[in-house]
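Novice: Dropping a structure here in structure tokens format, bear with me for questions.
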Amino acid sequence: NAGVMQNPRHLVRRRGQEARLRCSPMKGHSHVYWYRQLPEEGLKFMVYLQKENIIDESGMPKERFSAEFPKEGPSILRIQQVVRGDSAAYFCASSSQRSQGTTQYFGPGTRLTVL
Amino acid sequence: AQTVTQSQPEMSVQEAETVTLSCTYDTSESNYYLFWYKQPPSRQMILVIRQEAYKQQNATENRFSVNFQKAAKSFSLKISDSQLGDTAMYFCAIPSSGTYKYIFGTGTRLKVLA
Numbered sequence: 001n002a003g004v005m006q007n008p009r010h011l012v013r014r015r016g017q018e019a020r021l022r023c024s025p026m027k028g029h030s031h032v033y034w035y036r037q038l039p040e041e042g043l044k045f046m047v048y049l050q051k052e053n054i055i056d057e058s059g060m061p062k063e064r065f066s067a068e069f070p071k072e073g074p075s076i077l078r079i080q081q082v083v084r085g086d087s088a089a090y091f092c093a094s095s096s097q098r099s100q101g102t103t104q105y106f107g108p109g110t111r112l113t114v115l
Numbered sequence: 116a117q118t119v120t121q122s123q124p125e126m127s128v129q130e131a132e133t134v135t136l137s138c139t140y141d142t143s144e145s146n147y148y149l150f151w152y153k154q155p156p157s158r159q160m161i162l163v164i165r166q167e168a169y170k171q172q173n174a175t176e177n178r179f180s181v182n183f184q185k186a187a188k189s190f191s192l193k194i195s196d197s198q199l200g201d202t203a204m205y206f207c208a209i210p211s212s213g214t215y216k217y218i219f220g221t222g223t224r225l226k227v228l229a
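Have a look at this one:
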């Protein structure tokens, strides 16, 4: 039973380029969460999606960031026109239910470096 | 707003010894869940243990156990018989206001010494 998969593990982009981060949830999980971890900090919630729906994007910057979770395929976090401040580790988590008591299982993260 | 505080940025422990990592939090919820995650150098976030606030019994998972004190809003993690593989960052987390959004502390970097 594969865990949460993320790719790529490392992504290097120049300022102004686009970054696409992919997340495949655990089998049977339809709830996906994206978190961002800046250096030497804890993870910060960005967005919560269910299949084909964005449920809560309160933690996502209003500009340049978008997320989707299509009916088929992985969830995508897209960052347009990246800037140096976007350099961080981006983690995806998934769960089988939405309630607060349901454990979120994390992927290995994508480390984005913006040159 | 809910907060999670980990006051020990770094700790070290000798192999086979016991170490306790502290975590305090603030919440207005009466029932909630608390989590400890481990992040080794590979950066993978691994669930270590979880506690349900309405359960008085402290959660235990092999060498890992918690000391949960609801009134004091304290949720410390005890690692017994420390192993070199326990070297990692440890994060305490609580869902925000009964939702699915985890709030993480800033972490404690634990180093197990041979």
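Chains as they are written, first to last, in my numbering: chain A, 1 to 115; chain B, 116 to 229. Glycine is no exception: its CB is placed at the ideal position from the N, C-alpha and C atoms. Because the structure is a prediction, the values reported are computed rather than measured.
Can you tell me the Cα-Cα spacing of A/R64 and B/E132, whole angstroms?
Specialist: If I take the Cα positions, the gap works out to 48 Å.
Novice: Rounded to the nearest angstrom, what separates A/N53 and B/M126 at their Cα positions?
Specialist: Going by the C-alpha atoms only, they are around 42 Å apart.
Novice: Below 7 Å CB to CB, which residues in the same chain sit around A/P74 once its five sequence neighbours on both sides are set aside?
Specialist: Around A/P74: R22, C23 and S24.
Novice: Name the chain E residues whose beta carbon is nearer than 9 Å to that of A/Y90?
Specialist: The structure shown contains no chain E; its protein chains are A and B.
Novice: Counting C-beta neighbours from all protein chains within 10 Å, is the total for B/L228 16 or more, i.e. buried, or is it exposed?
Specialist: Classification for B/L228: exposed.
Novice: Assuming B/K193 is part of the beta strand (DSSP E), what are its boundary residues?
Specialist: Looking at the DSSP string, the run of the beta strand (DSSP E) that includes B/K193 is S189 to I194.
Novice: Quick one: measure Cβ to Cβ for B/K216 and A/F106, integer angstroms, because I've assumed they're closer than 8 Å.
Specialist: No, B/K216 and A/F106 are not in contact; Cβ-Cβ is about 14 Å, not under 8 Å.
Novice: For B/N182, which residues in the same chain have their Cβ closer than 7 Å to its Cβ, ignoring the five residues on either side in sequence?
Specialist: Here the set comprises N173, S191 and K193.
Novice: Using a Cβ cut-off of 7 Å, pull out every chain A residue sitting near B/M160, in sequence order please.
Specialist: By Cβ distance, chain A contributes F91 and F106.
Novice: Which residues in the same chain as B/I161 place their Cβ atom closer than 7 Å to its Cβ, once the five residues preceding and following it in sequence are excluded?
Specialist: Same-chain partners within the cutoff: Y152 and K153.
Novice: Check for me: the beta strand (DSSP E) holding A/F45 runs from which residue to which?
Specialist: Where A/F45 is concerned, the enclosing beta strand (DSSP E) stretches over L43 to Q50.
Novice: With a CB to CB cut of under 7 Å and the five nearest residues on each side skipped, what residues in its chain are close to A/V83?
Specialist: So the list reads R15 and V114, once near-sequence residues are dropped.
Novice: At which residue ranges does the segment 166-191 of chain B contain complete beta strand (DSSP E) runs of 3 or more residues, listed in the order of the chain?
Specialist: Counting only runs of 3 or more, we get 179-184.
Novice: In three-state DSSP terms, what is A/R98?
Specialist: In this structure, A/R98 counts as coil in the three-state DSSP scheme.
Novice: Any idea what DSSP makes of A/L115, helix, strand or coil?
Specialist: Three-state DSSP puts A/L115 in coil, outside helix and strand.
Novice: Classify A/S24 as helix, strand or coil using the three-state DSSP reduction.
Specialist: In the structure shown, A/S24 sits in a strand (DSSP, three-state: E or B).
Novice: For A/S75, which three-state DSSP category applies?
Specialist: In the structure shown, A/S75 sits in a strand (DSSP, three-state: E or B).
Novice: Within 8 Å (strictly less), CB to CB, does B/K170 reach chain A?
Specialist: With 8 Å as the cut-off, B/K170 does not count as an interface residue toward chain A.
Novice: Is B/S212 helix, strand or coil when you go by DSSP?
Specialist: Helix.
Novice: Could you tell me which of A/L77, A/L38 and A/E72 sits nearest to A/N7, measuring between CA atoms?
Specialist: Per the Cα distances, A/L77.
Novice: Alpha carbon to alpha carbon, what distance is there between B/F150 and A/R98?
Specialist: Between A/R98 and B/F150, the C-alpha separation is close to 16 Å.
Novice: Can you pull the chain B neighbours of A/F45, defined as C-beta to C-beta under 7 Å?
Specialist: Near A/F45 (Cβ distances below 7 Å), the residues of chain B are K216 and Y217.
Novice: Which residues of chain B have a Cβ atom closer than 7 Å to the Cβ of A/E57, listed in chain order?
Specialist: Result: empty, since nearest Cβ-Cβ is about 11 Å, beyond 7 Å.
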